[in-house]
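Chains as they are written, first to last, in our numbering: chain A, 9 to 890; chain B, 4 to 113.
Reviewing the structure listed below.
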Amino acid sequence: MPDIRGLRRLIRFPWRSRVRVRRDIDDEFQFHLDMRIAELRARGVPPDTAHSEALRRFGDMSDAREYCRTMDEHSIHEQQRRDVLAELGSDLRFATRQMRRSPGFTTLAIITLALGIGATTAIFSVVNRLLLDPIPYPDGDRIVNLNRSNLQGNMYVTPTPKLVEAWRKGAHSLEAIATFGYKDVVVTDGDDPEDIKAGLLSPNVLPLLGVAPVLGRAILAEDTKIGAPKVVVLGHGLWKRRFGGAKDIVGQAMTIDGASYTIVGVLPRDFTVPFMDGGMRQLWLPLEENPDARGAQAMAKMRPGTDRDRLNKELSDVMVALSVEHPEFKEWKALALKPQDYLGSQTRDTLLVLLGAVGMVLLIACANVANLLLARASTREREFAIRAALGAGRWRIVRQLLTESTLLALAGGALGLFVAYRSLDAIIALRPESLAELDEVRLSPTVLAVSFGLTMLTGVLFGLAPAMFAAARDIGNSLKSATRSASGTARARRFRSALVVGEVCLSVMLLVGAGLLVRTMVKMRRAEIGFDPSGLISARVQLPEQRYPKREQRRVVYDQLMQRLQAIPGIGEVTWAMGVPPRTGMMFGDLEIEGTTFKKEDRVSALWSQFARPEYFKLTRLPIVAGRTFGADTSGKEIIINEAMAKKYWPRSSAVGRRLRLDAKGEWSTIVGVARNVTVPSTGRRVGGSMDYQIYLPFAEDFESPTLIVRPTGALPDFARRLSSEAAAIDAGIRVRDVSSVASQLANQLAGPRFNMSLLIVFAGLALVLATVGLYGVIAYSVTQRTREMGIRLALGADRPAVLRLVMSQGARLTAIGVATGLLAAAALTRVMVSMLYDVSALDPMTFALVGVVLGLVAVLASYFPARRATRVDPVVALRAD
Amino acid sequence: MARDPIDLLHGTLDVLVLKTLSWGPMHGYGISRWIDERTRGVLEIEDAALYKSLHRLERAGSIEAEWGLSENNRKAKFYNLTARGRQELRAEANTWRQYATAIFSVLESA
Chain A
9 MPDIRGLRRL
19 IRFPWRSRVR
29 VRRDIDDEFQ
39 FHLDMRIAEL
49 RARGVPPDTA
59 HSEALRRFGD
69 MSDAREYCRT
79 MDEHSIHEQQ
89 RRDVLAELGS
99 DLRFATRQMR
109 RSPGFTTLAI
119 ITLALGIGAT
129 TAIFSVVNRL
139 LLDPIPYPDG
149 DRIVNLNRSN
159 LQGNMYVTPT
169 PKLVEAWRKG
179 AHSLEAIATF
189 GYKDVVVTDG
199 DDPEDIKAGL
209 LSPNVLPLLG
219 VAPVLGRAIL
229 AEDTKIGAPK
239 VVVLGHGLWK
249 RRFGGAKDIV
259 GQAMTIDGAS
269 YTIVGVLPRD
279 FTVPFMDGGM
289 RQLWLPLEEN
299 PDARGAQAMA
309 KMRPGTDRDR
319 LNKELSDVMV
329 ALSVEHPEFK
339 EWKALALKPQ
349 DYLGSQTRDT
359 LLVLLGAVGM
369 VLLIACANVA
379 NLLLARASTR
389 EREFAIRAAL
399 GAGRWRIVRQ
409 LLTESTLLAL
419 AGGALGLFVA
429 YRSLDAIIAL
439 RPESLAELDE
449 VRLSPTVLAV
459 SFGLTMLTGV
469 LFGLAPAMFA
479 AARDIGNSLK
489 SATRSASGTA
499 RARRFRSALV
509 VGEVCLSVML
519 LVGAGLLVRT
529 MVKMRRAEIG
539 FDPSGLISAR
549 VQLPEQRYPK
559 REQRRVVYDQ
569 LMQRLQAIPG
579 IGEVTWAMGV
589 PPRTGMMFGD
599 LEIEGTTFKK
609 EDRVSALWSQ
619 FARPEYFKLT
629 RLPIVAGRTF
639 GADTSGKEII
649 INEAMAKKYW
659 PRSSAVGRRL
669 RLDAKGEWST
679 IVGVARNVTV
689 PSTGRRVGGS
699 MDYQIYLPFA
709 EDFESPTLIV
719 RPTGALPDFA
729 RRLSSEAAAI
739 DAGIRVRDVS
749 SVASQLANQL
759 AGPRFNMSLL
769 IVFAGLALVL
779 ATVGLYGVIA
789 YSVTQRTREM
799 GIRLALGADR
809 PAVLRLVMSQ
819 GARLTAIGVA
829 TGLLAAAALT
839 RVMVSMLYDV
849 SALDPMTFAL
859 VGVVLGLVAV
869 LASYFPARRA
879 TRVDPVVALR
889 AD
Chain B
4 MARDPIDLLH
14 GTLDVLVLKT
24 LSWGPMHGYG
34 ISRWIDERTR
44 GVLEIEDAAL
54 YKSLHRLERA
64 GSIEAEWGLS
74 ENNRKAKFYN
84 LTARGRQELR
94 AEANTWRQYA
104 TAIFSVLESA
């Protein structure tokens, strides 16, 4: 009976089956009865009597059997649970011991994973905030923005208050509806006046969002009545900044646009209104209840279980009913939009590209750690063999290895959270102005949960392969061949090479992506913009509402301000325009050219437009290449077009003197000059086409908020203040805002591409480093494994360069495959980046070539050092080793 | 076997089993014989109750079981006191001693 199995069974009854339990109890009872009968017989009791006496003494046997069975099954379950926990405990203890034993490996693996998991978590939190869960309020997925759109659905505008009222009453799918808007205001308390975009809220915005003020009260219905006492609710940031977070702020007064407002409340930190520019969070005013007002937006919360199609249908039906009485609603339908709809395909593409990129980095990190584990697993072969010989099953060893990899992943994930936290700060600091929502990105519970899932997944992902290989190993062989067997099975070796090829391939793709963005950035910086922005300063000047209704009145003010400014020493040239590139306008209409009939597909309905005074061209150094600038006539009869347009419509003759109009019923304008093209580089735009056609019309004082452009000859200290005081001297109600250099505004255009580029460069750089480490690891490892072989080769007379070539060719082969597949995959994938590029083809040959070369060089370096070590093998030592 | 068996107080059997096993590993039948001898047959313990007690104690971790060979070379299930069982026995024995002393002092004083 002393065989090992029996011994084990005698030590314990591990995990008996139900059948076993029953049989054991029967055996036990039978033994008892037999003993009792034998004893009675020994005392001389006859067999029959002995048998019945034994049964009598036993009592209720079936009850006892049942009871014992229940007890035993319970103990077995408890034992099982204890055993599993104990094994897990010992696995964990063993795993931590293993990690402590090789601190270098552990540190490298944890840092690699932390970078991968951290970067992925950070980007995922951004994607989550912008794409997946854009309204961070309870039931945010039921909140929509309501618009009315034309029947074709290609144009939409905000609803009128009357329509909102009709929707509120008529649509059952709506749980709540609220309106909001914004207004530029100036806060003039204290010494420094501050321009603020204030949010305007109807009283039901906060209840709809489920937000309560942190201090005081929200905006109430009575606040929105015309002529109600002026009240204001502060945003958290402004309250902290301007009022030091004073708790007794409610009831105090502040001056907004020259009027006194009572502060009635403070809103929570991070409060923003969905569908509103994220930068608007400082000041909240009541949205006046004015049935004739336009421009306020509407948002609604749908009832649970309603979808947008049903809501749109219902709201449109309300409009049809309304149009009986109000024909102005006839040609319209309702359009409910979600925040994602506003994001624009460019931002969406960018986010998905970044998420994909960071996912690749994570994959590379996993491949790297898997490679490290594989290398280590082969040095631990003897350990596994001994454990297997001592009775550990395959599954037990696999589980041990998975425990180790999961532990590594968890450590990496924990450090990764820190990485994610810091990267988010960096991302927010880098973000372009257009992505103000990024400021609210947090490591939310959703993000943390996803990150945890990701961590566990990576643990299995990089741990599984080494575990499988360890399990598949032949125990006997490992034990016998001791240290020398460690060359690893051919399969494991091939797998490791495949991992490195994969890493190189992914890095190539990331590098190509980053390269394309770098090229975009360079092209944008170098773009010929057509005029000379250096030194130009622009400012928007806004006349008080309705104080200067007539053009002549406005002209007086504008002329006066110009004269006053010209008295400032060093002011140089001054002019008025509608805007200044990059901020100019679009003009809509059906372009008609005298004497030409367009084919339908050649129709142009929108043009880049600018309204300028005659000196605009000289001041901005925008050359007039043919004809002249505007004369004194500002009636719009004169027009200047750009070269692109002139070349398109009058390719062989001069455009000067020709006539065109944008309104079929309007008067013809005569082209008096042709200006050089103005190009403001922006990504995702097709170069060429009608959007490049530009027209200039005489500045005719049509605007209440034109732009002042100055090209100073000298230093203009304190220009903003000076400008404000000159304006105030004419009318205290004139507001001056956005005083800034044109060059900086143009540079702002690069913020988005720079953001994309920076992130992708970081990812690609990480990928390159990880892939290099991976490649180095594989080559270095194989050199160690082939020490004997090298020794033999050298002993047989191979020269050192030959050995060097041998090792390096291995690295070169892996790299070549990786680079080739990577470039092919990149060629297939860079299409998704088109909207992030400017004037660079997604298949830019230079980028592709350069990436190939860079990776080649890196690969040479990564395999050179291990190769050199191979040439230094001392044949005698190598052959004697073992 | 004409005696008046005393009904066992609830829980008494467990402590008797533990005490018996403190002498060394024993199978169920052996335990039954041992108690019989010690109590001179005063306590007639039903075998069914004894086995219930054994499996109950095994589940509680006070005793553990293993199959072995009996004196007459048959396969038998042997029970052995665990460290926890030993502790329990000490505690139970104390309680019993106090209980018995209390009862006695009442009975004697009468």
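The beta carbon of each residue, even a glycine, is placed where N, CA and C say it ideally should be.
Using only the alpha-carbon positions, how far apart do residue i and residue j sit?
i, j, result
"A:I787", "A:R533", "42 Å"
"A:E712", "A:D700", "27 Å"
"A:P211", "A:I271", "16 Å"
"A:A220", "A:L214", "7 Å"
"A:R5", "A:I717", "With chain A running from 9 to 890 in the structure shown, residue 5 of chain A is simply not present."
"A:T326", "A:V165", "For clarity, residue 326 of chain A is Val in the given sequence; the question names Thr instead. Spanning the two alpha carbons is a distance of roughly 17 Å."
"A:D641", "A:G245", "50 Å"
"A:L398", "A:E391", "11 Å"
"A:M69", "A:M79", "15 Å"
"A:E297", "A:T232", "5 Å"
"A:V134", "A:V449", "6 Å"
"A:D332", "A:N155", "First, the residue type needs correcting, since residue 332 of chain A is Val and not Asp in the sequence shown. C-alpha separation (whole angstroms): 20 Å."
"A:L451", "A:A396", "44 Å"
"A:R439", "A:L171", "37 Å"
"A:D11", "B:S35", "With a pLDDT of only 41 at A:D11, under 50, the local geometry of the prediction cannot be trusted, and no value is derived from it."
"A:A867", "A:T823", "6 Å"
Kindly indicate the opening and closing residues of the alpha helix (DSSP H) around residue i.
i, result
"A:R669", "Not the alpha helix (DSSP H): A:R669 falls in the beta strand (DSSP E), residues R667 to R669."
"B:N15", "Here the sequence assigns Thr to residue 15 of chain B, which means Asn is not the residue at that position. First-last of the alpha helix (DSSP H) with B:T15: T15 to L24."
"A:T780", "A759 to Q793"
"A:Q88", "M69 to R109"
"A:T355", "P347 to T387"
"A:W676", "First-last for A:W676: undefined, no H or E at that position."
"B:D50", "D50 to A63"
"A:P809", "R808 to L837"
"A:T187", "First-last for A:T187: L182 to V195, but that is the beta strand (DSSP E), not the alpha helix (DSSP H)."
Excluding the 5 residues flanking residue i on each side, which residues of the same chain have their C-beta closer than 7 Å to its C-beta?
i, result
"B:P28", "F81, Y82 and N83"
"A:E734", "L569, R572 and L573"
"A:H49", "Checking the displayed sequence, the identity of residue 49 of chain A turns out to be Arg instead of His. So the qualifying residues of the chain are P55 and A58."
"A:S495", "Because the pLDDT at A:S495 is just 46, under 50, the model does not fix this residue reliably, and the point stays unresolved."
According to the neighbour-count rule (16 or more other Cβ atoms, all chains shown, within 10 Å of its Cβ), is residue i buried or exposed?
i, result
"A:W340", "buried"
"A:A620", "buried"
"A:P54", "exposed"
"B:Y54", "buried"
"A:H180", "exposed"
"A:A229", "exposed"
"A:E336", "exposed"
"B:R100", "exposed"
"A:F625", "buried"
"A:R309", "As written in the sequence, residue 309 of chain A is Lys, which differs from the Arg given in the question. Buried is the call here."
"B:A110", "Ala is not the amino acid found at residue 110 of chain B; the sequence shown has Leu there. Exposed, since its Cβ has fewer than 16 Cβ neighbours within 10 Å."
"A:F132", "buried"
Between residue i and the rest of its own chain, which residues show a CB-CB distance below 6 Å, the 5 nearest in sequence each way excluded?
i, result
"A:A870", "T780, L783 and Y784"
"A:I545", "V718 and S749"
"B:E128", "Within the shown structure, residues of chain B are numbered from 4 to 113, placing residue 128 of chain B beyond reach of any answer."
"A:G587", "T715"
"A:T196", "T263"
Tell me which same chain residues have a C-beta within less than 8 Å of the C-beta of residue i, skipping the five on either side of it?
i, result
"A:G860", "V516, V827 and L831"
"A:I738", "V565, Q568, L569 and R572"
"A:Q818", "I787, S790 and S871"
Between which two residues does the beta strand (DSSP E) containing residue i stretch?
i, result
"A:F596", "G593 to F596"
"A:R891", "This structure cannot speak to residue 891 of chain A, because chain A is shown only from 9 to 890."
"A:A306", "Q305 to M310"
Compute the minimum distance between the beta carbon of residue i and the heavy atoms of the ligand SAH, and state whether it is under 7 Å.
i, result
"B:K80", "For the ligand SAH, the structure offers nothing, since it holds no ligand at all."
What are the complete beta strand (DSSP E) segments, minimum 3 residues, inside the region 518-590 of chain A?
Taking 3 residues as the minimum length, the beta strand (DSSP E) runs contained wholly in the region 518-590 of chain A are 545-550 and 581-585, in order along the chain.
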